[in-house]
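Novice: Sequential numbering of the sequence shown, starting at 325, is according to my numbering. We treat Cβ as the ideally placed atom computed from N, Cα and C, and that holds for glycine. As the structure is a computational prediction, the values presented were derived from the model and not from experiment.
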Amino acid sequence: MINQHKLILGVNWKMSLTLKQAQEITLYIKNLPIDYSKIEIILYPSILHIYPISTILEDTNIKIGAQNIHYVDQGAYTGETGVYMIKELGCSHVLLGHSERRHYFLEDYNFVNQKMHIALKSGLNVMLCIGESTEEHRTQISEMAVIDQLVSAFQNIKRNMIKENSIIITYEPIWAIGTGKTNSVEDILYISSIIQKTLVKLYNTKIANQIPIIYGGSINAKNVYTILEKTNIKGVLVGKSTLDKNIFFALLKKMNVLQ
Ligand code: PGA
325 MINQHKLILG VNWKMSLTLK QAQEITLYIK NLPIDYSKIE IILYPSILHI
375 YPISTILEDT NIKIGAQNIH YVDQGAYTGE TGVYMIKELG CSHVLLGHSE
425 RRHYFLEDYN FVNQKMHIAL KSGLNVMLCI GESTEEHRTQ ISEMAVIDQL
475 VSAFQNIKRN MIKENSIIIT YEPIWAIGTG KTNSVEDILY ISSIIQKTLV
525 KLYNTKIANQ IPIIYGGSIN AKNVYTILEK TNIKGVLVGK STLDKNIFFA
575 LLKKMNVLQ
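#1: Candidates 519, 472 and 502: which alpha carbon is nearest residue 492's?
#2: Thinking C-alpha only, which one of 567, 458, 472 and 360 is nearest residue 523?
#3: I believe residue 367 touches residue 386 by the beta-carbon criterion, under 8 Å. Please report the beta-carbon distance rounded to the nearest angstrom.
#4: Measuring alpha carbon to alpha carbon, tell me which of 405, 463 and 363 ends up nearest residue 559.
#5: Out of 563, 569 and 580, point me to the one whose CA is closest to residue 369's CA.
#6: Distance check for residue 483 and residue 527, CA to CA, integer angstroms please.
#7: Among the candidates 377, 571 and 437, whose CA atom is the shortest distance from the CA of residue 410?
#8: First and last residue of the alpha helix (DSSP H) that includes residue 329?
#9: Looking at residue 455 and ligand 3, is the gap between the Cβ and the nearest heavy atom below 7 Å?
#10: Between the region 436-446 and the region 508-515, do three or more beta carbon pairs fall short of 8 Å?
#11: In whole angstroms, what separates the C-alpha of residue 504 from that of residue 548?
#12: Measure the C-alpha to C-alpha separation of residue 583 and residue 480 and round it to an integer number of angstroms.
#13: Rounded to a whole number of angstroms, what is the C-alpha to C-alpha distance between residue 452 and residue 537?
#14: Would you say the beta carbon of residue 559 is closer than 7 Å to some non-hydrogen atom of ligand 1?
#15: Starting from the Cα of residue 494, find the closest Cα among 573, 356 and 516 and give me that residue.
#16: Please state whether the Cβ-Cβ distance between residue 365 and residue 390 is less than 8 Å.
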């Protein structure tokens, strides 16, 4: 059974779709008979597409988020996007710490932590990505890498800044993103328990239980059911398998959330 709790589905469109393609898929999902008591869907389109996509999603249960924000809320930062700008366009969530941002745009621990602060302060919900690299996986230091990323992201985040589901942790092994490889059920169980224990240590059990842990990295219609069934994760963050209507449909079907 995979639907004992409400599942979370983060849809990360990265820099992959044209506006027309993004609008088409959004309209398609909007018209599907999805049982929203079973799933919370958060779409992360390109920042440029947030406004047109949010107009399609008006009066629906589908949420919208930004793939990135700047760590200062407003000012002379050419090319950046502030939290209040994306909130004004209807965003409820922001994706932070994605490995592509950490790797290609050199976002370090401090950057991610500052973005956590500004996002939570503004009332945005955060989907925080953490995960080990190929090398860390090979040398069996995944646990250490994940704890480091987690602890640094939560630096000076006080208990009263955390509300139920205002932070979602996405465990995404970097070597699994876009590669067709997924982690073993045993490793997902192990790392998610490490994340949970670290949150308990940082705060307490009650707060840790308010922070759902999901999984990402090459999730598709073939592997999603097993991963949800055999682990205790609460949902998935998906890239490639959401770029095509039929594949997206197959994914939702396997998640058992269609009426
Ligand atoms: P993928 O991407 O599903 O294409 O591996 C997931 C992600 O990067 O969030």
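Specialist: This is what the structure holds:
#1: Checking every option, the nearest Cα to that of residue 492 belongs to 519.
#2: Closest option to residue 523, judged by alpha-carbon separation, among 567, 458, 472 and 360: 472.
#3: Indeed, because the Cβ distance is near 6 Å, the residues count as touching under 8 Å.
#4: Check the Cα spacing between residue 559 and each of 405, 463 and 363: the tightest is with 363.
#5: That would be 563, whose Cα lies nearest to the Cα of residue 369.
#6: Roughly 7 Å between the two C-alpha positions.
#7: Considering only alpha carbons, the answer is 377.
#8: Counting along the chain, residue 329 falls outside any alpha helix (DSSP H), and DSSP gives it neither H nor E.
#9: Ligand 3 is absent from the structure shown, which contains only ligand 1.
#10: The way I'd put it, the region 436-446 doesn't touch the region 508-515; fewer than three beta-carbon pairs between them come closer than 8 Å.
#11: A straight line joining the alpha-carbon of residue 504 with that of residue 548 spans about 13 Å.
#12: Distance between the alpha carbons of residue 583 and residue 480 is about 43 Å.
#13: Using only the alpha carbons, I get a separation of about 10 Å.
#14: No, the Cβ of residue 559 stays beyond 7 Å of every heavy atom of ligand 1.
#15: Closest in alpha carbon position to residue 494, among 573, 356 and 516, is 516.
#16: No; because the gap between Cβ atoms is not below 8 Å, this pair is not in contact.
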